[in-house]
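Trainee: I have a structure I would like to understand better, so I am pasting it below and will then ask my questions one at a time.
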Amino acid sequence: MDDDYEIIVEQFSSSRDPNASLAVGNSHHNSNMENSSDSKLNYVHLMQLNACYEAMPTSSKMVVFDTKLQLKKAFNGLIYQNTRHVLLSDSAKNNAIVGILSVTDFIRVLLLLHKMKKERKEKQKEDACDKEKSSVTNKADVNENTNTELNDDSKQSEISEGANAVKDAPNEDIGTLTISEYRDLVCREGKLMDLVSITAEESLLKAAFLLSKQHIHRLPVLDPNDGSPLFILTHKRILKFLWLFGQSLYVPGYHNKTCKELGVGTYNGIRVVYPDTSLIFCLDILLNKGVSGVPVVEHNTLRVVDMYSRFDAIGVALEDKIDELDVTVQEALAFRNTFRLEKDRVVAISANDSLWTAITVLVERNVHRLCVLKDSGRIEGLISLSDIMNFLVVNVAELQAENLHCHSRFSQHSRHSSLGILPEGLESTNDPAKTKAGGEAEDSLEGEQGAGELHQQFDTISIT
277 MDDDYEIIVE QFSSSRDPNA SLAVGNSHHN SNMENSSDSK LNYVHLMQLN
327 ACYEAMPTSS KMVVFDTKLQ LKKAFNGLIY QNTRHVLLSD SAKNNAIVGI
377 LSVTDFIRVL LLLHKMKKER KEKQKEDACD KEKSSVTNKA DVNENTNTEL
427 NDDSKQSEIS EGANAVKDAP NEDIGTLTIS EYRDLVCREG KLMDLVSITA
477 EESLLKAAFL LSKQHIHRLP VLDPNDGSPL FILTHKRILK FLWLFGQSLY
527 VPGYHNKTCK ELGVGTYNGI RVVYPDTSLI FCLDILLNKG VSGVPVVEHN
577 TLRVVDMYSR FDAIGVALED KIDELDVTVQ EALAFRNTFR LEKDRVVAIS
627 ANDSLWTAIT VLVERNVHRL CVLKDSGRIE GLISLSDIMN FLVVNVAELQ
677 AENLHCHSRF SQHSRHSSLG ILPEGLESTN DPAKTKAGGE AEDSLEGEQG
727 AGELHQQFDT ISIT
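In the numbering used here, the protein residues as written are 277 to 740.
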């Protein structure tokens, strides 16, 4: 734990019915599906049989910016619209949706501004040192009294101008870029992701796979006719759909097991920060380590005292502290953030709580992650929405598809092998060369289908 900004804690040891939601306490007694060995597939079947439209909220806000908008204005709009993301449309492409601008981009710009400011300060110091050395070298050739005053005044003026340039230039250079120019900059760094979207008619199962396999947090749902955006689908929205309508299904026994028993969540190599960790290092973790939030823990006890997420970076702008990022995480959490309730700072469950309890807390508290705590408050694990989604749906569907694929290949092999022994008097009309070519063609076709859309891979999942 020598590194105070990136601590790895290793632990050893159809239609929407408004009345469709059942009471959690009665969900195990109001099942309308029989207990069966295939109960693990119930969630998969539910998502396969329902289109993305079914998960659309009855009321929601969707913000769309043109890519010609200045980046500074775009981030101001992001902040004051109280949203984590906005869709981007390109007027040069008939206003087609081309991407998403999110809080992640805001953090990337914050770190870029800090880097530019630091480099300019270092260059300013080097230039000042070079001029001072030059002044000492040439002092014998000038009038000592007069030129000393002139040099001091000149140097002080240059340093003052340089300091102002350090403060103002980064905002000017970055803020005046259009969104399109900023995306080109990110593209040159190899970090621009292509837009991943889905139509409202496609299944929720495909949406879950896109979110999981593309490692994205939000999926635009487009109108299948004109491509216009309808709403944004997230892990949170899908999990709420499962929680509401999945309670009428037969609930598998594993719901009563703890998340750690089931392997749901992260229990080794948990990234945490301390209250006195530098904000810059914390933002770097959020941007480059693939996590959307990090627990803030005490030095000695590792007791969780707060949580710093990507959305908390908005507080930097609300307090107008963009040029003052050399603060601690504790100081940054004190920045005014009108979008965050005190009760939502640390949402946690006990290490003994069940998977169903974890799902219920995630849905009812409307949060993205849970801390798993020991009785002492020490962190034991971290559970995200994607962890739950992968366990309930994605991993189960993948395993089922693999089993069906293997069974299909075994059946083909058995059918071809049986041609070697034929009843007396019958001749095989199958040419071995043709059989081999046919098999290769089938393998090639399977490869092409595997490279196609995700939903094609799972169309064969049994619905019985």
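Here a beta-carbon is modelled for each residue, glycine too, at the ideal position from N, C-alpha and C.
When you compare each of F587, D552, K565 to V605 by their alpha carbons, which one comes out closest?
Mentor: Here residue 605 refers to the residue found at position 329 of the sequence shown. Comparing Cα positions, the closest option is D552.
Trainee: For C647, count neighbouring Cβ atoms within 10 angstroms of its own Cβ and tell me buried if that reaches 16, exposed if not.
Mentor: Position 371 of the sequence shown, counted from the first residue, corresponds to residue 647. Per the 10 Å Cβ criterion, buried.
Trainee: Buried or exposed for M323, please, with buried defined as at least 16 other CB atoms from any protein chain shown within 10 angstroms of its CB.
Mentor: Counting from 1 along the sequence shown, the entry for residue 323 is found at position 47. Answer is buried; the Cβ neighbour count reaches 16.
Trainee: So D663 is in the alpha helix (DSSP H); what residue range does that whole segment cover?
Mentor: For this step, residue 663 is matched to residue 387 along the sequence shown. First-last of the alpha helix (DSSP H) with D663: 661–665.
Trainee: Hey, would you say L661 sits closer than 8 angstroms to K512, going by beta carbons?
Mentor: Sequence index remark: in the sequence shown, residue 661 carries index 385 (1-based). Sequence index remark: in the sequence shown, residue 512 carries index 236 (1-based). Closer than 8 angstroms, so yes.
Trainee: Please give me, in chain order, every unbroken run of the beta strand (DSSP E) with length at least 3 that falls completely inside the stretch 448–520.
Mentor: List check, beta strand (DSSP E) in window: 494–498, 505–510.
Trainee: Is the number of C-beta pairs between the stretch 667–677 and the stretch 574–584 that are closer than 8 angstroms three or more?
Mentor: No, they do not touch.
Trainee: By a C-beta neighbour count over all protein chains shown, 10 Å radius and 16 as the cutoff for buried, is Q357 buried or exposed?
Mentor: On the sequence shown, residue 357 is found 81 positions in, with the first residue counted as 1. Burial call: exposed.
Trainee: Return the chain-ordered list of same chain residues with a C-beta closer than 7 angstroms to the C-beta of A589, the five sequence neighbours on each side being excluded.
Mentor: Here the question's residue 589 lines up with position 313 in the sequence shown. The residues are V379, F382, I383, L386, L559.
Trainee: Return the bridge partner residues of F587 from the DSSP annotation.
Mentor: What you label residue 587 is simply residue 311 of the sequence shown in a count that begins at 1. Bridge partners of F587: none, in fact.
Trainee: In the structure shown, what three-state DSSP assignment does N544 receive?
Mentor: For the purposes of this step, residue 544 is identified with residue 268 of the sequence shown, where counting begins at 1. Here N544 sits in strand by DSSP.
Trainee: List the residues that DSSP assigns as beta-bridge partners of P571.
Mentor: In the sequence shown, the residue the question calls residue 571 occupies position 295. P571 pairs with M583.
Trainee: L471: which of T454, F517, S479, H493 sits nearest, CA to CA?
Mentor: Position 195 of the sequence shown, counted from the start, is the residue given in the question as residue 471. Of the listed residues, the one whose Cα sits closest to L471 is H493.
Trainee: Work out the CA separation of L480 and I514 for me, nearest whole Å.
Mentor: For this step, residue 514 is matched to residue 238 along the sequence shown. For this step, residue 480 is matched to residue 204 along the sequence shown. Answer to the nearest angstrom: the Cα atoms are 8 angstroms apart.
Trainee: Using only alpha-carbon positions, find the residue among R396, M338, S365, L347 that is nearest to T359.
Mentor: Position 83 of the sequence shown, counted from the start, is the residue given in the question as residue 359. The candidate whose alpha carbon is nearest that of T359 is M338.
Trainee: Can you check which of these residues, K394, V573, G529, is closest to V549 by C-alpha distance?
Mentor: Locating residue 549 in the sequence shown gives position 273, counting from the first residue. Comparing Cα-Cα distances from V549 to each of K394, V573, G529, the minimum goes to V573.
Trainee: Opposite A677 in the DSSP bridges: which residues?
Mentor: What you label residue 677 is simply residue 401 of the sequence shown in a count that begins at 1. According to DSSP, A677 bridges with nothing at all.
Trainee: What is the DSSP secondary structure of D630, counted as helix, strand or coil?
Mentor: Numbered from 1 along the sequence shown, position 354 holds the residue referred to as residue 630. The amino acid at residue 630 is misidentified as Asp; the sequence shows Ser. Strand.
Trainee: Would you say P500 and A484 are within 8 angstroms of each other, going by their C-beta atoms?
Mentor: Within the sequence shown, residue 500 is the residue found at index 224, counting from 1. Within the sequence shown, residue 484 is the residue found at index 208, counting from 1. Cβ distance not < 8 angstroms, so P500 and A484 don't count as in contact.
Trainee: Under 8 angstroms: do the stretch 625–632 and the stretch 532–545 share three or more Cβ pairs, one atom per stretch?
Mentor: Yes, the stretch 625–632 is in contact with the stretch 532–545.
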